[in-house]
Amino acid sequence: MYALRQALRAIRKNWIASISTLTTMTLSLTILAGFSLLSLNVNLNLGELQNELELAAYLSRSADPQAVLETVSGWGEVVSAELVSPDDALENLITELPYIERPSAQVNNPLPYSLYLRLSDPSQTARVGEALRELPGVDEVEDGGEAVETFLAINEALRLIGSVLIVVLLSSALFAIVNSIRAAITARRDEIEVMRLVGATRGFIRSPFLIEGVFLGLLSALLTLLLVVPGYSFIALRLSQTLRFLPLERDPLALAQLSLLLVALALLVGLVGSAISVSQYLQEDG
Amino acid sequence: MIEFRHVTKTYPRTHTHALKNVDFTIQKGEFIYIVGHSGAGKSTLLSLILRRVTPTEGSVHILGQDLSRLRSYRLPLLRRRIGMVFQNHRLLPNMSATENLVFALRATGERGNLEHRALLALRQVALAHKRKAYPVELSLGEQQRVAIARAMVTNPPLLLCDEPTGNLDPDTSWEILELLNDINIKGTTVAVATHAKELVDQLRRRTIVLRGGQVIRDDETGGYSL
Ligand SMILES: Nc1ncnc2c1ncn2[C@@H]1O[C@H](COP(=O)(O)OP(=O)(O)O)[C@@H](O)[C@H]1O
Ligand SMILES: [Mg+2]
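First to last, the protein sequences are chains A and B.
Residue numbering for the first sequence follows my numbering, starting at 60 and increasing by one per position.
Residue numbering for the second sequence follows my numbering, starting at 965 and increasing by one per position.
Structure below.
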């Protein structure tokens, strides 16, 4: 409790330094949070895409549909394969486009057997599509592979930028803490000297600084949430109004997890930063 | 209480031989002067007792403990049993006399009514009426008395003073010395490093004389002659 009071006193006393540390940390965490939300949504879209994406193969008239179905079902990447007969395909088409019902009754059904596949991993789409094309009895393949490819590339780029950002932002937050605690140690040099002389334990001398670091971390995490939570809600609302089809992460559990992760990260940065300062600038003089 | 066994201290960075083969014992309850010119090794000797430095050769035994075997996490416990006073009082300027003492008590992990204990200690040095004064509001002699009160507030069995009268005029110095003598009479072992000839000659006590890091004299009622 004494250590906590000391830490709070130090923050109040050096409020200008504290504010600059808080600003740096909050900014870093806000960018990180914004970026995490972006990645989260890109992943969500990718997942959605994966669910919606089907490989469609149209069989030639001469093919044996059951044989093709069996071969394809045996492939490891294929989660499900559905064979649709020409009659069913026509019926589906008529449900979607009712005005073709009458004309279609005038002619023989022109539709082939079609095969719809779902894959376990959307990045395999192009490869499986290729294999499908090679299969005897397959006339035509629609794989929508380009869209997936683009999406995957974006995701990959995001991941790369993300790693760089995490390193840069976390180290700037860390340095802010290290500096702030170093200043606090310098400001209390005389007190520390007296404490050592009268026989204060290492823990007693160090804990106020560690608490100060953790506290700064916590405070900046809370400030970040204060910025990001309403900010994201607003952006999500606007997007859902203009781009209705776009799936957005609204799951409270996922968002709570992200917030918790952010707080934990901030606490960790605070603790590690102050621990670095304390071990660098509070060397035991013996 | 204090035992130096063939202690040599060489500061490695400057290769200064601060103490050479120093060997003596101080019993519980003694009052002892450590005298010598500036640079003779007085402060180094006191620093060895506090284990702020470690001997290059030989061993130091304090309160029954061999300091070379003292684990560093136990060092604070040693320091709590030794009061220390410097020439410069080293009071914290932003704290009143009471607060300075409470700060020391708290740093040693003491609990309870610390203000009351601080007041008792200030009464011992006859400064209870200045308990709310900040260091700048006290005379040099009063500052030094508060520093002594701070060193004694935890009732340590041993009190070390490094040139406690170095900044003071003769009369005030004498008051401080009388105070240290009182503390000694009440049972605390007191070691005073000084080069104040008048004091050492006036209040005759055991005197260890250092020159160039060596003990050149160790007399029961020595007086000051180098
Ligand atoms: N931390 C140190 N590093 C290097 N040399 C030191 C250090 N402290 C003291 N000395 C040297 O050791 C010698 C004894 O110094 P000191 O113990 O301070 O003497 P005194 O207190 O009697 O004046 C001096 O020559 C001084 O320069
Ligand atoms: Mg000295």
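Think of the CB as a built atom: it goes at the ideal place given N, C-alpha and C, for glycine as much as any other residue.
query: Reduced DSSP category for phenylalanine 1050 of chain B - H, G, I as helix; E, B as strand; rest coil; result: coil
query: Residues that aspartate 60 of chain A contacts on chain B, provided the C-beta gap is smaller than 7 angstroms; result: Reading off the sequence, residue 60 of chain A comes out as methionine, not aspartate. Ordered by position in chain B, no residue passes the 7 angstroms Cβ test against methionine 60 of chain A, which lies about 11 angstroms from the chain.
query: beta-carbon alanine 246 of chain A near ligand 1 non-hydrogen atom, thresh 7 angstroms; result: no
query: Cβ-heavy atom distance, glycine 1000 of chain B to ligand 1, below 7 angstroms; result: yes
query: Inter-residue spacing [alpha-carbon to alpha-carbon] between asparagine 1119 of chain B and leucine 1065 of chain B; result: 12 angstroms
query: Straight-line gap, isoleucine 996 of chain B to valine 1100 of chain B (C-alpha atoms, nearest Å); result: 31 angstroms
query: Assigned exposure category for tyrosine 172 of chain A - 16 Cβ within 10 Å defines buried; result: buried
query: Sequence-distant residues of the same chain with beta carbon closer than 6 angstroms to tyrosine 175 of chain A, five excluded per side; result: Glu113, Ala115, Glu141
query: Reduced DSSP secondary structure (H/G/I, E/B, other) of glutamate 199 of chain A; result: strand
query: Integer-rounded CB distance, given that leucine 194 of chain A should sit under 8 angstroms from valine 127 of chain A; result: 6 angstroms
query: Histidine 970 of chain B - containing beta strand (DSSP E), residue span; result: 966 to 975
query: Euclidean distance between Cα positions of glutamine 1166 of chain B and threonine 1129 of chain B; result: 14 angstroms
query: Heavy atom of ligand 1 within 7 angstroms of tyrosine 975 of chain B beta-carbon; result: yes
query: Contact check, leucine 81 of chain A vs leucine 219 of chain A, beta carbons under 8 angstroms; result: no
query: Presumed contact (8 angstroms Cβ cut-off) between alanine 232 of chain A and threonine 83 of chain A, rounded CB distance; result: 6 angstroms
query: Run of the beta strand (DSSP E) containing alanine 1197 of chain B, from where it starts to where it stops; result: Nothing about residue 1197 of chain B can be read from this structure; chain B reaches only from 965 to 1190.
query: C-alpha distance - valine 35 of chain A paired with aspartate 310 of chain A, whole-angstrom precision; result: Nothing can be reported for residue 35 of chain A, as the shown portion of chain A is limited to 60 through 345.
query: Neighbour list for arginine 1043 of chain B in chain E, Cβ cutoff strictly below 8 angstroms; result: In the structure shown, chain E cannot be found, because the protein chains are A and B.
query: Beta-carbon proximity list for alanine 235 of chain A, same chain, < 7 angstroms, skipping 5 on both sides; result: Thr80, Thr83, Met84
query: Element boundaries [alpha helix (DSSP H), containing serine 333 of chain A]; result: 311 to 340
query: Any chain A beta carbon closer than 8 angstroms to leucine 1141 of chain B; result: no
query: Proximity winner among A:Ser292, A:Val223, A:Ser144, A:Glu308, relative to proline 124 of chain A (alpha-carbon distances); result: A:Ser144
query: Residues of its chain near leucine 224 of chain A, where Cβ-Cβ distance is below 8 angstroms and the 5 sequence neighbours each way are ignored; result: Ile90, Leu91, Phe94
query: Test: glutamate 250 of chain A CB closer than 8 angstroms to a CB of chain B; result: yes
query: Through-space distance from leucine 284 of chain A to threonine 130 of chain A, alpha-carbon basis; result: 52 angstroms
query: Minimum Cβ-Cβ distance from alanine 1071 of chain B to chain A less than 8 angstroms; result: yes
query: Terminal residues of the alpha helix (DSSP H) in which aspartate 180 of chain A lies; result: Where aspartate 180 of chain A is concerned, there is no enclosing alpha helix (DSSP H), given that its DSSP letter is neither H nor E.
query: Beta-carbon gap between alanine 1061 of chain B and alanine 1097 of chain B smaller than 8 angstroms; result: yes
query: is_contact[phenylalanine 968 of chain B, chain A] using C-beta, thresh 8 angstroms; result: no
query: beta-carbon threonine 1008 of chain B near ligand 1 non-hydrogen atom, thresh 7 angstroms; result: yes
query: Chain-ordered chain B contacts of phenylalanine 263 of chain A [CB-CB under 9 angstroms]; result: Pro1040, Arg1070, Ala1071, Thr1072, Gly1073
query: beta-carbon alanine 1082 of chain B near ligand 4 non-hydrogen atom, thresh 7 angstroms; result: Looking for ligand 4 in the displayed structure turns up nothing; the ligands present are ligand 1 and ligand 2.
query: 8 angstroms Cβ cutoff, methionine 965 of chain B in contact with chain A; result: no
query: Phenylalanine 304 of chain A (DSSP reduced to helix, strand or coil); result: coil
query: Methionine 1048 of chain B at chain A interface by Cβ criterion, 8 angstroms; result: yes
query: Candidates B:Phe1067, B:Lys973, B:His1001: closest to isoleucine 1013 of chain B by CA position; result: B:Lys973
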